Structure formats: structure tokens, C-alpha cells
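Every number in this note's numbering is 75 more than the matching position in the sequence shown, counting from 1. The C-beta atom is built at its ideal place from N, Cα and C for all residues, glycine as well. Bear in mind that the values here come from a model prediction, so they are computed numbers and not experimental data.
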Amino acid sequence: MTAVAVLAALAGSPGLAQAQQPSHAGPLSARNDNGLPPGWRIDGERGGRELVWRAPKAVPMGDARVEFRTGNRLLGVPKPAKDGRTFRLALDKAASTELTNLQVTAAGRRLDAAADGPRESGARGARLPAQAPANGVDPGEPGSYRTVTGEYDLDPVRLPGFATPVEMRAQVVAPKGATGSRPLALFLHGRHATCYKPGSEDDVTIDWPCADGYKPIPSDKGYLRDQKLLASQGYVTVSISANGINAQDWQPEDAGAQARSSLVRQHLAHWADWTAHRSTAPAVVREAARADLSRVLLVGHSRGGEGVNRAAMDSLYPPPAAQDGYRGPVRWKVRGTVLIGPTIFGQNPVADVPSVTLLPGCDGDVSDLQGEDFVDGTRGVSKGTALHSAVYMVGANHNFFNSEWTPGEAEAPAQDDFWSDPDQQPDPVCSPGAATRLTAAQQHKAGSTYIAAAARLFLADDDRVLPLLDGSGRRAPSADPARVLTHAVGGRRGGGFLPDAGAKVTGAGARLCSAIDPNPAVACLGPDTPGSSPHFAWWETEKETGRGAVALKWSAPGTAARVTPAKPLSLRGAQKLALRVFVPPNTTGTKFDVSVTDSSNRRATLGRVEMAGLPGSEYTASYWAQELRVPLTATTRAGLDLRHVKSLELTPRSHSGRAWMMDAWGWAPGTPAVRAAALPRVDVGRTVVKEGDSGTRTYRVPVTISGHGSGQVRVYVLDPGSGRSTSRLVTVRPGSNAIDVPVEVKGDTNYGEDVEHDIAVKAVRNSVVGQHRGGVTAENDDPEPVLTLSPVADKVTEGETLTWRLSIDAPTTVDLWEPVRVLPVTEGTELSTKDVDAQWLKDWSGDVPDPERPLSDANLWVWMNIPAGSTSVDFVVPTVQDQLAEPTESMRLALTDRNAEPLPDRPALTGTVLDRP
């Protein structure tokens, strides 16, 4: 029988419960008889059908993007329902696709994978890293200024693509009585529930505006402690509310990044007005010190991090006017950004704006720590003078940087985002009470300290705090007892050994590996690796070019791994060689000798390094590179020409182990002046067309190239059928049509799904990318086929098979899924569960014959599949012969809607079974 049963329990009670479905996952196709995995179904009316997943319990609203995948392929981003459990993806997003190995993920973490039982985490050896020496200056100490606190609430603004206006509300904390103009720090919170019902334990919504009886969740108040610390040190601070964006950001393709940028710049424009015309400012702004808009720090948490990154980009390289919610002049200068557990769905950091990215080691929301790309993704893109720092905070979760997302402190219901399961052992690294886990107060204090460090470096040009951020291995005592590790690129680094651009790797057990590749022999980390690496977070494609590392594996010491770049590089002016290397979590005693060789084959061993892995478990992204430095003094003794260094060698000195090198740089102290380059900007749009009835039409993916100069981007063309991608390097110039992707749309008169022909773009050299994904959507414009249910064999003798045929009046280009339901009979005797084949009953309902009961009580709501190109499918009911004398028995079958209710305009059909004489 070419059909797939998607089962829903009728279970003897009014209404329908969730399906008890086969436990195996198989293709959502008529090419086999497998059912959908538990929790999945096809829903919606024909012409608007959806792939639906319902979670066993509510999925907390967070910043990580919930995604539907089939294996390694991204199917699309589903729309969340208000119940927090149901997620829907239009089937046009998965057109022409074999939906095998369905998965629900968020930041690389499976949401739909239930544990089989208690299991070990593999982190028995987890221990805190050693405490680093104290830095000479501690930015976490309060300053001498008195502060003023207040808020403003302006008229809401309309943003492109959002139906509901967005609020313009903010919390201001500023120094009082400070002379002169003071730098401005603007905070933007991330994606969180928007409304709550006072007095409830968990009644929160994603509505905007809030319904009667509900109050807005004041996420913008969650950084008041950070603001007060900065204000005491002389900075004006403002934390803005973005509930209106959070309630609507499932709609735009960029998950609201452009809208958040527009909102940030709307606020900055008001601050520029108020600086020029103090009398027009809100009372709290007039009472505060004057803001210096030439020194702005943007601080963003989670999706707010991606939002302030886009705001920094848009301030330098204006976006296309049609997608922008701010149209005025730029009257401010963003000197740096602080990104706290950020998302970066576009993997499009701004290379020429300095940044500090806080990576929480126990982040249960953006758990892949994709924000590492704000560091890695800037390498080689522009001048390389802007410092990009990653701050890995052991034991910190995602939410507790915001007090309004912290239980016991928040007005609204709040929770620890690091997930826990009472049926499993506590996580030895991240469960509350673990030696490596921070309390909420410890975490927030450490976060405040490192935000203040960034403000001091970027806004006050105070290099004394640089060792706290650039991998120098110093700590701020105010952040104790948090263990914080840092690494960086940019600044006064140069001459990078990078695992791309034609580099070669030689030596036993050494290889160039790919961050994202479906082939385990090519990928840096295999699919069975417990835990993950922030350096290898997923993007849009199942395979990427130009993202990788040098992987080393050895079983005896002494065999060198050699990295040879495409051409010799210069380390002239550097004091040390800084390497970013990671080893497996919870390991100790990994040792390397580090050597370099010049073009004249003069070789010098610089020194030996030793490192231990970070504390980690299968639920953490602890494969994170630590910065290791060795002095270059030995090159002078060996007579090396540091202007022409041709190779780098790592020689393991521990007995066995594994390691991955991300890069190595010549390092010198200090922070250079940063001046943003004039770069071309790429934004991908979307064109929606009708497929037509005949012929072939060619359309082109809309791409805007603006800005100045010339640069390179990598363009990935995504096949709508297989999901596989092809890529090419493209040189772009403003106003050109360099990214020319033609799309052929064939017209037909067959009903089908919409088809998206997409591309994704990433900056490679001297360029920036705003809207990174778009394409051409070919809309189906053919009418739905007429569906009928008719009898084939509806009067049989017991032991024979009842058969009905589900038919359509014309073939389609996609599989159709239509539900039928067994209903109670209206007269006479109904077939019982013992009158049909027992295996058939189990296969189609998950039920068993005993106790004997009417067949309509046996969970028989079945989704029938009419394959693409076919016009019918049969529903068969094999009856069984028994030795009992019975009256004539019957059953009723009806077409239903997506809620299992019989269609009112389609009569139920009756099948009759006669007793065998």
C-alpha cells in the first residue's frame, strides 16, 4: 500500500491527542511505508500545507533560531505558535525534498532528541582553569561619579516589514555633575518573552502590544547594574527596549537584525538631537551629563548582539533604503561593540569596528557559541587593525547577564537557560552547584567588569586594560571567582599563519580540516564528538569553503606538523608568536615545541607551550582555542630573516593527543588607531514571481552592491531540490552586476508547492555583507486538484479486503497528504478491533485488538499520500475470518480537515462485511 499513516490518538475522549507515531524516522515520501518521527505531522489546508513539530513541553523563548533540518541540510526556520510548543514550516520551504532524518535544532542543539535513559556526560575530569595573575588596572571597580537614573518613552516607530509599531522606550543611567561631554554606551537586550501575567508562575507571551491583564517584560531594565558601574566611571548609558521587534522577528529572513539596527540608530539620532538642543530632551537626559556622540559603544545581548553589529555596519556602510527603518544622517561614531552570548546568523561581522564578544561556557540558549565568528570571521577581510576579542567565561549561562531574565531578580517569570533533565545525572560542568558553575550574582558581576574593560579600551583609549581582553592571560579581581580566558585577532597582530588561502600542512597525523563538511574524514570534528566547537558553528550550507583549522593527532611525541603558507610572510616588528590552539575538553598536559623557518631554511625553536582543555561536557561548546605565546628572541640568535618566514612547525612532546590550531600571528603590545576602510557592501533581496502555465522564464536574484572600492565575496548557490550548494569567489564593485545568478522558472498547469531558489553570501576580502541570503521564489499559481473518496470494494465477505480510493482529478508535482478517519457507524453493528488483521491495526493505529471494541475507538485517523505524478491511492482494510456466527457488520470512513473533523460537504462512506456462510 503506497501510503504513510500519520497517527493521532482518538483515545476514547473528546477531541484529539498528539499522535503516538512510529519511533523510526523515514522519508516523508510515498517511496516507503515509514511514518513520521514522534511529534511531527503535516498540517494546513491544501495550498497552504505545513510541516509541523510539537514539542513534549514548551520550548523556552530564546535567541537561538529554531530550525528544521533533514540530516545536515537546513529545511527552514519555522514559525513559533503562541503555545511555545508548536512550530510550523510552510512546505514550499522543503519542496521537492526527501524529508529523511528530520531534526529540530537551535544553535546546533537537538530539541527533538529524547534521551534513552541516564547517561554519563564524559566530563568526570572537569576542573577549573588555573587562576590568572591580576591585571594592574581593574575596570570592575566603581568610579567616583554620582549617578542619575530615569527613563524616556517616545512615540513608537514603524519599521519595514513589521506590521506593529515598535516602542521607543529606554532606561538612562548617567554621571551627574560631570564636566564636558561624556562617551555614550547603548545597550540592546536580546530575544525574550514580551509580556507576562502578574502573579503567575509561567504565564508569558510573545504578543505586542500586551493583552489586557498582561504587562510588558522590562528586559531593558536588566542591565541597570552594568549601567550604574559605567555611569560611576563617567559614561552616559542608555538601555533600549525591543519587545516590539521580539514579537515579530520570526517574519524577516534576517531574524530581525536590520530592524534592531534601525531601532538603535533611531535612538542615537534622538541623542544627537538632544545633544544639540538640550531643551528638547527628556528630563533624565537634561539632568545627565552631555553625551559625546563621537565616542559610542554599542552593547548587545544575544540577538541584540547581532543587532548592534548591524547598527555599526549600517553607520559606516548604509543599507538599501527600502529595508532600512532609519533614513537620517549618521551623527555618531561607533568606537566598538560588546556582544554578549550573541547570535550571528549571517556570519557577517564588521571587520573595522573593534569588538569584545563574551562567550558563556554554560550557554543553554545560543549553545553553539556562534558569536565566535565575530572574531574568526574578521580575519583577512579588511585592514586587520581593529581588535576583535573573545572572552570565554567558564560556568556562565545565557540569561543571567540580564537581571530581568534571572529567577529571584526578575519582575516576570524567568529561568536558568542551561537545560536539565531529572532523569539524567546532573551535568558536572554546568548544573547549578557544580564547582565550575557561576551563581547569578557572580556571573553578572563578571559581565559588568568585562563590559567596563571594553568601554575603557574603546572609548577612553586606555591600553592598561588590554591584557584583560587580548589573550595576555591577566584577570580582573572584580570578576572573581569567575575563570575567564581570552584570545584575539587584529590589533597589532600581523603575518598570520591561516589554515586557508593555499596553505599546506605536512607531517604524520596532521591535516587541513574543514569547519563544515558532511564527510567525517574532511570535517574538523566528527559527528560523534561529545560537545562542539564555537569555531565550527553551522551557517547556511552543508559544506563551506575557506573555514577550517589545522588538525593534529599523534600517538608518540616528536613528529612535527608543518604549516606552509602560499607565500612567505613577515613577522617583522613582532615580539612574540601568538597561536590560537584548542585541545579536547578536560584533558591535561598537552605540550608542543614551536619552531619557525625562513626562506633561507634557517630554523629556530621558539619555545615550548603546555595547555589543558577547558571544562566541558557533551552539552557545552568547549572546543575553544586558547591563546599561547612564545617569544621570538630565538630567531635573532639563529639569524632568521623575519621578513620572510616560510613555515611554522608544531612538534608534540606529550605521549599522545589531539589538537587543532586555528591560526598563529606575530604579536606586539598596544592598540593601533582604527580607521574604517571604504568598502563595497552586498545585500541580497528576494523576488517573488508566478510560475505561469507554460514556457520558461529567466529571472535574476536581486543583489544590491553599494559603498566604495572593490572587494571579494563568496557566493553559495543553494539547490532547492537537494539542498546542496555550489560556490564561487566573486569580485564586487558598487553599482555592478557582479553577482549574477539566473533562475529559470518553468511554467506548468500542475498543482505544486512554491519553490525558493536561494543564494547566500559571505565577505572574504575588502567587503561587507548586510542581508546575506535571498533569492527568487516561484509561486505555484495552479488550482488545487479536486479530491474525492470513492468505494472500490465496499461490500465484502469476512476474510476479504475493504478498499476505498482517494483520487484527484489531475496529477501534481508534489506529494499530497490527505487525512481520512474511521467514524462510528450510525446504525447496525460496527466492525470491531478483532474483525481486522492485528498487524494492520498495529501498523496504522499503534493499537492492539484487545480489549475488543468498536474499530472507531482504535485511533484510526490516517494521512494518505498521493505521490507526485499519481492521481490516486487506496485505503485498504483487511478483515479476518472467524468461526462465530455474526450479523452483518460495517464501518464508516470520511475525509477530514486538519483537526480530524469530517468535511461537511463530503459524505462519509460505509463499508459492509458479510458473515461467511
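- GLN650 and TRP742 do touch by the CB rule: their CB atoms are close to 6 Å apart, below 8 Å.
- For ILE320, the uninterrupted alpha helix (DSSP H) segment begins and ends at 318-321.
- If you draw a straight line from the Cα of GLU964 to the Cα of ARG991, it is about 12 Å long.
- Judged by DSSP secondary structure, LEU513 falls outside any beta strand (DSSP E); it is assigned neither H nor E.
- Under the three-state reduction of DSSP output, LYS721 falls in the strand class.
- The continuous stretches of alpha helix (DSSP H) do not include ASP324, and DSSP gives it neither H nor E.
- Shown here, GLY874 sits in coil according to DSSP, grouped into three states, outside any helix or strand.
- Per DSSP, the unbroken alpha helix (DSSP H) holding ASP448 starts and ends at 448-451.
- In the DSSP secondary-structure assignment, MET686 is bridged to THR665.
- With a beta-carbon spacing of about 19 Å, ALA426 and THR561 fall beyond the 8 Å limit used to define contacts.
- Under the three-state reduction of DSSP output, ALA253 falls in the coil class, being neither helix nor strand.
- Looking at the DSSP output, TRP629 shares a beta bridge with GLY732.
- Distance check between GLU125 and each of GLY159, VAL669 and ILE117 places ILE117 closest, using alpha-carbon atoms only.
- Annotation note: the segment 859-943 contains the following uninterrupted alpha helix (DSSP H) runs of length 4 or greater, listed N- to C-terminal: 913-920.
- Taking the C-beta atoms as reference points, MET136 is found nearer than 9 Å to ALA268.
- Of all C-beta pairs linking the segment 543-561 to the segment 623-630, fewer than three are shorter than 8 Å, placing the two stretches out of contact.
- The C-alpha of THR824 lies about 41 Å from the C-alpha of PRO240.
- Excluding its 5 nearest sequence neighbours in each direction, ILE780 has C-beta neighbours in its own chain below 6 Å: PRO755, VAL757, VAL807, PRO809 and SER811, listed in chain order.
- Taking the CA atoms as reference points, ARG678 sits about 45 Å from LEU373.
- By the beta-carbon neighbour count (other beta carbons within 10 angstroms, threshold 16), ASP957 is exposed.
- Fully contained in the segment 460-499 are the following beta strand (DSSP E) runs of length 3 or more, in chain order: 463-468.
- If the five residues before and after GLN326 are omitted, its C-beta is found closer than 8 Å to the C-beta atoms of GLY236 and PHE237, all from its own chain and listed in chain order.
- Here the C-alpha atom of SER495 lies approximately 21 Å from the C-alpha atom of ASP278.
- If you draw a 10 Å sphere on the C-beta of GLY601, you find fewer than 16 other C-beta atoms in it, and that means exposed.
- HIS519 places its beta carbon less than 9 Å from that of THR481.
- Rounded to the nearest whole angstrom, the CA to CA distance from PRO659 to ALA590 is 16 Å.
- Rounded to the nearest angstrom, the Cβ distance from ALA330 to ASP443 is 15 Å, too far for a contact under 8 Å.
- Taking a contact to require three or more Cβ pairs closer than 8 Å, the segment 602-609 and the segment 487-503 do not qualify as touching.
- Your pair VAL830 and TYR774 does not check out as a contact, with CB atoms roughly 12 Å apart and the cut at 8 Å.
- VAL564 counts as buried, since no fewer than 16 other beta carbons sit within 10 angstroms of its beta carbon.
- Distance check between GLY648 and each of GLY570, ALA933, GLY416 and ASP673 places GLY570 closest, using alpha-carbon atoms only.
- SER523 and PRO744 have their C-alpha atoms some 25 Å from each other.
- By alpha-carbon distance to VAL776, the top candidate from LEU984, PRO293, ARG848 and GLY767 is ARG848.
- Between the segment 455-463 and the segment 505-516, the count of C-beta pairs closer than 8 Å stays below three; the two stretches do not touch.
- THR355 sits in a helix when the DSSP states are folded into three classes.
- For SER781, there is no enclosing alpha helix (DSSP H); the enclosing beta strand (DSSP E) covers residues 778-782.
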